[in-house]
Amino acid sequence: MAKRISLSRAARLVGVKRGVLQQQIRAGELQTFEGEIVLSDLLHAYPDAQIEDSSMLERVEQIIEQATFINPDSIARKPDNVALTARIMSLSENLSRQKRLLDRYQRFTDELRAEINRLEAQPDALQQLGSWVDQATSRISTDDDTIDQPFVNETFLRVMSAQATVIPSGHEFFVEGAESILEAGLRGGLALNYGCSNGNCGLCKIRVVSGETRRIKHHDYALTEAEKGIGYVLGCCNTAISDVVLEADEAQSTKDIPMQNIPIRIKKIDHPDADVLIVSTRTPRTSRLRFLAGQRATLSIDQVGSGFYPIASCPCDDMNLQFHIGLDKRDPVANYLDESAKANDLLTLEGPVGSFVLNENSSNPLVFIAEGIGFASIKGLIEHAMALDVAEKIFLFWIADSDDSHYLNNLCRAWNDALDNFEYVPLDAEAGEHPGDSILEQLQQDDPTGFDYYLCSGDKIRAGVEQFFDTQAIPKQQVMYETL
Ligand code: FES
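Numbering-wise, the sequence shown is residues 201 to 684 according to the numbering used here.
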């Protein structure tokens, strides 16, 4: 039977986003069978996909940094990461050769059966069969040393990362090296339930429906025998060692996420332009912030005051939280951060709050529109959409006072250059550029009613964009607003 692989794995194998494959499936260039792609069809569409591709190597390098599995019995004899990678590659190649040999024997058996049938009635059947077998076996043992590179690539990635599918949502993510299922799920943009990340609270309990997991960390939380019997494990203390199907709790909406109070430390403060601060912070490992991209939080500083700011990062970014804060003399927190704060200072975070979040039930392509520092909330949403990797296309229209006020222009340009399905359009308010006209120009022949829209702006821009939505008859449920 032809070998099939999931869409997520296929995208990784050939180094494109899932959205690109989805587009090709819709255009009839690739076929799916029960949601999977036949490996040979994929390689036919991407004949140049090789493990030697630099994109593949880059990913592999990230993976091998974590690839040394901690076996409690042999901690002292851990293999070097590079050696481990080479061994896996060599085993994959060997496996490929054995598979080819096996295929040839399979063919031989079929042909032998046909030959016996053909010779049955002939007087010298045994003699003829003997010489046929001699010729056929010499063909089998021909020293064909070629390897099936796509098979090698696929086997290699399968060893280096396990694919996890969550039910009932159907979300997918990859568990790389020896990272925990929880870490991998969060990195993949999933809003999994968890608490301490450290084996104490039990909130990350998941049921392994199929596949194999292995404990990588001791935990104090005790699962009952009944729970263990039906396959429960702690996501923060286990990794996947084969492709797995997991039953897990995911936040369905902002209501499923509790209010939290967390001390966070400043990592650094950047001044990308005269009016904006970018404050990068980090939560403690054992109390990360559970939130959905696009939400906000209150930051408080002892004896200074508090401010309410959008979280400009995605929950997939581990313990890192970023805030973009407009400099305003009336905001004591902004002034303190600008003039007095330094790395390692403590802030108190209370949150998350807000419902400006991605509609994960929609698979529509996405249009994001930001005005000025409204980019903060939009940035979190874009990063989340990228981590989930379900949107076929993503457009970002960022309108700012002047052409040089897009304070993270380089980041947006880098996304634009690196991602096939991402378009960035900076707009200059001073020059009279407007998101509505630009959206129509960029969408070209695509129907604007087929997109989901996320807008974070002041009232004036919002009024103009709303007019555009009315004219284009964009369904109300496909538009999300956040006011600056
Ligand atoms: S998150 Fe607390 S035990 Fe896993």
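Ideal Cβ placement from N, Cα and C applies to all residues, glycine included.
Unbroken beta strand (DSSP E) run spanning residue i, endpoints
i	result
residue 445	444 to 447
residue 652	652 to 657
residue 550	546 to 553
residue 680	679 to 683
residue 476	476 to 482
residue 471	460 to 473
C-alpha gap between residue i and residue j, whole angstroms
i	j	result
residue 424	residue 521	35 Å
residue 481	residue 466	4 Å
residue 643	residue 387	30 Å
residue 523	residue 477	8 Å
residue 306	residue 336	12 Å
residue 203	residue 299	13 Å
residue 485	residue 547	16 Å
residue 236	residue 498	44 Å
residue 634	residue 601	12 Å
residue 628	residue 572	10 Å
residue 646	residue 225	17 Å
residue 146	residue 574	Outside the shown range of the chain (201 to 684) lies residue 146, about which nothing can therefore be said.
residue 310	residue 339	15 Å
residue 673	residue 631	27 Å
residue 400	residue 613	42 Å
residue 490	residue 434	17 Å
Beta-carbon spacing of residue i, residue j below 9 Å
i	j	result
residue 563	residue 374	no
residue 406	residue 448	yes
residue 241	residue 362	no
residue 215	residue 593	no
residue 408	residue 496	no
residue 230	residue 221	yes
residue 417	residue 436	yes
residue 525	residue 531	yes
residue 295	residue 364	no
residue 639	residue 626	no
residue 557	residue 512	no
residue 679	residue 652	yes
residue 576	residue 468	no
residue 510	residue 372	no
residue 217	residue 604	no
Chain-order list of residues whose beta-carbon lies under 6 Å from that of residue i (same chain, five-residue window excluded)
i	result
residue 451	391, 457
Limits of the unbroken alpha helix (DSSP H) element including residue i
i	result
residue 337	325 to 340
residue 536	532 to 539
residue 639	635 to 643
residue 239	239 to 245
Own chain residues within Cβ distance below 8 Å of residue i, not counting five before or after
i	result
residue 232	207, 225
residue 396	403, 436, 486, 487
residue 623	593, 594, 595, 596, 616, 642
residue 504	532, 533, 536
Own chain, CB closer than 7 Å to residue i, minus 5 neighbours either side, in chain order
i	result
residue 415	437, 438
residue 246	214
* Asked: Three or more C-beta pairs closer than 8 Å, one from the segment 458 to 474 and one from the segment 409 to 428: is that the case here?
  -> Contact annotation: the segment 458 to 474 does not touch the segment 409 to 428, with fewer than three C-beta pairs closer than 8 Å.
* the segment 642 to 656 contacting the segment 574 to 581, beta-carbon criterion three pairs below 8 Å -> Here the segment 642 to 656 makes contact with the segment 574 to 581; the two share three or more CB pairs at distances below 8 Å.
* Would you check if there are 3 or more beta carbon pairs closer than 8 Å linking the segment 601 to 619 to the segment 376 to 391? => Cβ pair count under 8 Å is below three, so no.
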